Each structure stands twice: as C-alpha cells, then as structure tokens.
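Presented below is the structure to which this report refers.
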Amino acid sequence: MVSKIMEVKNLQVGINHDNRDVAIVNGISFHLNKGETLGIVGESGCGKSMTSLSLMGLLPPGVRWQDGDIQVDKLQFKNFKNKDWRKVRGKKISMIFQEPMSSLNPVYTVGDQIMEMVLNHENVSKKLARVRALEMLHLVGIPRPNQVLDEYPHQLSGGMRQRIMIAIALSCNPEILIADEPTTALDVTIQAQILELMKKIQNQLHMSIVLITHDLGVVAEMCDRVVVMYAGEIVEVAQIVNLFDSPKHPYTQGLLKSLPDINVQKEYLSSIPGVVPAPGNMPIGCRFAPRCPMAHERCKEAPPLLTTSDGSEVQCWLYDDGAEKEEIR
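Just so you know, we're using my numbering here: the sequence shown kicks off at 4 and counts up by one.
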C-alpha cells in the first residue's frame, strides 16, 4: 500500500491588484507518495516555482496565500506563522534552489553554512555539527572535503556549489526534498552527475522528491509521476510511462512534440503558438484555449474540471464524456 507523505489541497496563492485578488497559482491539488519523485513541469510563467515556494513558506513580498492547505504527515501548513515554518524548513521539508551562487552566502565558509542548518534543528555542539558537515560533503561526493569545508562559495565550480546546496538541504535528513530547476545553470555533463547524485541519495535516505523543471528529458530520467501545469493550473497528472506514451491534454502533447527526435530530420522543431497569459488577464473558459488547435466553443465558455482517462487525470473538455479523442497531428 503506497502511503502519502504530502497532500496539497486547493492551493491558491496570488497578489492583490486594483482591490481584487489575482491568482498566480489557482486552486491546485496533488499529492506526493513516500519514496517517489514527483515532477512538476510547464513553460516559464506557469506557476511551478511559485508552487514550490508555497510548499516552503517562502512566498516573495506582495504574494500571499489566498486559499487551500498543505499537509505533511499530520502537520497543516495553512495557519503557520514564521516561527512554525522555521521549525519545518530543513528538518521536515527542504529545498535546492535554482541558482546556488545567489543562494549561498558569499561571506561564510561552506562549513559554516552547513553547520548553521544543523545547529538550528539539532541539539548538538559546534564540534558535532562540523563533523556532520564533513559527513555531508562526503555524501554528496565533494573531493578533498576537509579543505572545502573552510572554503568560500566563489572558490568552487558551479557543479560543486550545487552539491553544497544539496548537502545543506540534506543535512538534517528531511523527509521531502524540493528541487527547483536544480540543473538549469549547469552544463550537460555536470547535469547528469547531479541527477545521478540525487537518485543515489534518495535511495540511501528513502526520501521523497518534488522536482520542478521545464526539461522533459530530466523528467524522463528522474520521475515516477508528473504534474503538468499551465497558467497556474494543473492540466494533467500521469504516471511517467503514460505521459510519454499517451499524453492526454493538448498542452502536454504540444510540449512532447517540441522535443527533438534523433530519428527524424527536421528543419524546424514544433512549437506551441502564443504565450502563457498574464495572471490578471486569463481567458474565461479553458486557459489554454487561445493556443489550442483542438479548441471549440465550449472551451471558450467555461473552464473544464479534472477528469480521469486511462489512469491519468486531465483537465480538458475533450475528455468530459469519457471518450478519448484523436491526438494533435
């Protein structure tokens, strides 16, 4: 029996604009099982990173929690104050940020930054915290860890800084790790090393991972299930095999068709026309309808609900009657 470690229910976060609430993430619901890797994918501006920041209580100034709840085990995050979040961050749920150079403090050594996390959550001495920091550097495969412990972030390469971020995030053995575009700033070789490292540590520590990315190649490599987001909403949830073999939503199909195929020679790659609508200017019906080649009148009149089709959940009027329609050609 697979058990859920985290459940997000009707999460809505946004801003107040002209005396009205404008949702950036609009009523999304999903869950994370123990030991699995859940991918959240979509174009830039679809709400992926804002969702991840909501899970950590790190919403930027001006953005606020409007509705919904997040539950991890028996904890409900809805009414958390800053002091409550500080107890949870790093201990129960931790995060790897997209750009390590802007996330690491340039005036503190690597060892100090790992020790800070340990000292905040564990009742240990500085000596034991330093030992833990050294253990974490060994765990993430940092060469010459004794020397790196006393070095500063600017003295390290991009790949090593990302490993330091992973060491900090895992220093208190969190149950859930959120990775927000963890390989975006790295070259292809280092990307592969970081992904392999994350899989290895996940198996060792039996933790769950939420992987935020726009790279479907990374999704295929890492994930068990995938949440596809568009314009602040979830449009499809599927097992990884189902997503690539039988994508349901026209948006998901468009994303997959934009991938290069080594067996097919093309002058141009496929693309989805148009752009993601701005939060304050959403279409009345389906948010993808203005860009969808399969849209009809109903799509422009009312937003669809998530329905089930062949084991996947899809938010599209094409599946309202339960009958599967022809894919985009």
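Even glycine gets a Cβ: it sits at the ideal position worked out from N, Cα and C.
Quick caveat, the model's predicted, so the values are computed rather than measured.
Discussion item. Could you tell me the alpha carbon to alpha carbon distance between P64 and L56, rounded to whole angstroms?
Written reply: Rounded to whole angstroms, P64 and L56 show a C-alpha spacing of 12 Å.
Worksheet item: Under a three-way DSSP split, which group does S160 fall into?
Response: DSSP, read as helix, strand or coil, puts S160 in coil.
Fill in: Beta-carbon contacts of Q313 that lie in its chain and below 8 Å, excluding the five residues immediately before and after
According to the sequence displayed, residue 313 carries Asp and not Gln. Beyond the five residues adjoining it in sequence on each side, D313 comes within less than 8 Å, by CB distance, of N245, S249, K251 and E327 in the same chain, given in chain order.
Worksheet item: Closer than 8 Å, CB to CB, is M53 near chain D or not?
Response: Note that chain D does not occur in the displayed structure, where there is just one protein chain.
Item to complete: Tell me, please, whether the region 237-244 touches the region 201-213 by the rule of three or more beta-carbon pairs shorter than 8 Å.
Response: The region 237-244 and the region 201-213 do not touch, with fewer than 3 CB-CB distances between them shorter than 8 Å.
Worksheet entry | Span of the beta strand (DSSP E), counted from its first residue to its last, around Q150 | The continuous stretches of beta strand (DSSP E) do not include Q150, which lies in the alpha helix (DSSP H) extending over residues P148 to V151.
Practice prompt. Enumerate in chain order the residues of its own chain whose CB-to-CB distance from T54 is below 6 Å, with the five nearest sequence positions on each side excluded.
Written response: V28, listed in sequence order.
Practice prompt. State the Cα-Cα distance for the pair L208 and E300, rounded to the nearest angstrom.
Written response: Taking the straight line from one Cα to the other gives about 50 Å.
Fill in: Residues near Q194 by beta carbon distance below 7 Å, same chain, minus five either side
Non-local C-beta neighbours of Q194 in its own chain, meaning closer than 7 Å and more than five positions away in sequence, comprise T186, ordered along the chain.
Fill in: Other residues of its chain near G114: CB distance less than 7 Å, five sequence neighbours each side excluded
For G114, where only same-chain residues beyond five positions count, the Cβ hits under 7 Å are R133, A136, L152 and D153.
Worksheet item: On the three-state DSSP scale, how would you describe I331?
Response: Reliability of the predicted coordinates at I331 is poor, the pLDDT of 39 falling under 50, and the value obtained from them is presented with this limitation in mind. In the three-state DSSP reduction, I331 falls in the coil class, being neither helix nor strand.
Worksheet item: Taking the continuous beta strand (DSSP E) assigned at K7, which residues delimit it?
Response: K7 -> beta strand (DSSP E) spans K7 to H20.
Discussion item. Looking at the secondary structure, which residues open and close the alpha helix (DSSP H) in which G3 lies?
Written reply: Outside the shown range of the chain, which is 4 to 332, sits residue 3, and nothing can be said about it.
Item to complete: Count the other CB atoms, across all protein chains shown, that sit within 10 Å of the CB of G325; report buried if there are 16 or more and exposed otherwise.
Response: For G325, the predicted model reports a pLDDT of 45, less than 50, meaning its position is unreliable; a value from the coordinates is still stated below. When all chains shown are included, G325 counts as exposed.
Discussion item. With the cut-off set at 8 Å, would you say V238 and V127 are in Cβ contact?
Written reply: Taking 8 Å as the cut-off, the Cβ atoms of V238 and V127 do not count as close.
Discussion item. Comparing C-alpha positions only, which one of V143, P253, V240 and L159 sits nearest to K203?
Written reply: Cα-wise, what sits closest to K203 is V143.
Worksheet entry | D183 burial status per 10 Å Cβ neighbour count (16 or more: buried) | Residue burial annotation: D183 is buried, with at least 16 other C-beta atoms found within 10 angstroms of its C-beta.
Practice prompt. Tell me, please, whether the region 4-14 touches the region 68-82 by the rule of three or more beta-carbon pairs shorter than 8 Å.
Written response: Contact between the region 4-14 and the region 68-82 is present: three or more C-beta pairs spanning the two stretches fall below 8 Å.
Discussion item. Tell me the DSSP secondary structure of F33 in three-state form.
Written reply: If DSSP states are grouped into helix, strand and coil, F33 belongs with the strands.
Worksheet entry | Chain-order list of residues whose beta-carbon lies under 6 Å from that of E102 (same chain, five-residue window excluded) | When the five nearest sequence neighbours on each side are left out, the beta carbons in the same chain lying within less than 6 Å of the beta carbon of E102 are those of A188, in order along the chain.
Discussion item. If distances are taken between C-alpha atoms only, which option among S160, E119, H157 and R228 comes closest to S174?
Written reply: Selection S160, E119, H157 and R228 evaluated against S174 yields E119 as nearest (Cα-Cα).
Fill in: Cutoff 6 Å; reference F291; Cβ partners in own chain excluding five residues on either side
Exclusion of the five residues before and after F291 leaves Y233 and Y254 as the residues of its chain whose Cβ lies within less than 6 Å of its Cβ.
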